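Notes follow once the structure below has been shown.
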Amino acid sequence: MIHALFETPSAYRPTAAEMAAPVPPVKAVLFDFSNTIFQMIDLEAWLRRVGAASGREGMVEEDGAVAEIARQLRDAFRLPAVAALQAGRDLSSEQHRRAMRGWWGHVDFLRGVEETAYRELTAPDAWLPYCDTEPTLRALRARGLRVGIVSDFAWDLRVHLADAGLEDLIDVCVISCEVGREKPDPQLFLKACADLGTDPRATLMVGDNPVRDGAATACGLRAYILPAEQRTGDRGLAEVLRLVA
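Residue numbers (my numbering): -2 to 242.
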């Protein structure tokens, strides 16, 4: 076993031979879901859907209504009681629903129609792939790489993959609500690698959160962290293809 004065905390122990050998080429890529390969429809579109489904269309149409609702959402999210509800919300659909109801109950437009709002949040077409998601996934598939998703998500995100026609491009989904763990728990990354049948040291994790997604490095994976931007154009996923070339 190799010892070092300044050791990096890790959840794996490569052998001495592995430590001395070249880093293995990437054979599999894991993606975070939200804000990495898919994004939710914009706030105004979601509010209009909620309004149409709840008979509150007129409240959204008023001048400045969307900006005011956005302000109330931001302010409510900062309330200590609301913030406390968000901890562990993606461990189950029940916890997530409770967290959203506790938040939206402070917003005039959403109060009383929380269940309708939740249905519109989880609708299959409420989450859309970035314009470079499908080309990137297809290119990885063409190169023979295995592809998976590791996501903190409170419901079955496969419905969004299916709605976008991309389900056949993903080999494995490891979702927090299904395994009862959230990133940065190393077991999520290790499970994804095991399900793919790939060596963690030959796997790349792509996400937008350096703490949650970057934790994959403690399991032997490599990580590529995207800027945490609310992108309206391509997500910059072409860089992934360069990294696995």
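Every residue, glycine too, gets a C-beta built ideally from N, C-alpha and C. Since the model is a prediction, treat every value here as computed from it, not as a measurement.
For F30, which residues in the same chain have their Cβ closer than 7 Å to its Cβ, ignoring the five residues on either side in sequence? I146, S148, F150, L154
By Cβ distance below 8 Å, which residues in the same chain neighbour S253 in space, the five residues on each side in sequence not counted? The shown model of the chain, from -2 to 242, leaves out residue 253, and the question about it has no answer.
When you compare only the Cα positions, how much space is there between A212 and A18? Within the model, the alpha-carbon separation for A212 versus A18 is close to 23 Å.
Determine the contact status of P181 and V208, defining contact as a CB-CB distance below 8 Å. yes
So for I38, helix, strand or coil by DSSP? coil
Kindly indicate which three-state DSSP category S148 falls into: helix, strand or coil? strand
Would you say the beta carbon of R53 comes nearer than 7 Å to a heavy atom of the ligand FAD? With respect to the ligand FAD, the structure offers nothing, as it holds no ligand at all.
Below 6 Å CB to CB, which residues in the same chain sit around H103 once its five sequence neighbours on both sides are set aside? Cβ neighbours of H103 beyond the five flanking positions: A73.
In the DSSP assignment, the beta strand (DSSP E) including R219 goes from what residue to what residue? 219 to 222
Could you tell me which of D205, A220, I38, N206 sits nearest to P197, measuring between CA atoms? A220
Using a Cβ-Cβ cutoff of less than 6 Å, which residues in the same chain neighbour F106 once the five nearest sequence positions on both sides are dropped? M56, I66
Could you tell me the distance, in whole angstroms, from the CA atom of V47 to the CA atom of A114? 5 Å
Are the beta-carbon atoms belonging to L193 and A25 less than 8 Å from one another? Cβ atoms of L193 and A25: closer than 8 Å.
Does R108 come within less than 8 Å of chain C when only Cβ atoms are used? Absence of chain C from the displayed structure is noted, only one protein chain being present.
Going by beta-carbon coordinates alone, are Y258 and D231 separated by less than 8 Å? The displayed coordinates of the chain run from -2 to 242. Any statement about residue 258 would go beyond what the structure contains.
Would you please state the rounded distance, in angstroms, between the beta carbons of A161 and L125? I believe it to be under 8 Å. 7 Å
Residues bridged to W100 (per DSSP): Per DSSP, none; premise fails for W100.
Three-way DSSP call (helix, strand, coil) for L163 in this model: coil
By the three-class DSSP mapping on this structure, what secondary structure does P132 have? helix
Identify whether P11 lies in helix, strand or coil by the three-state DSSP scheme. coil
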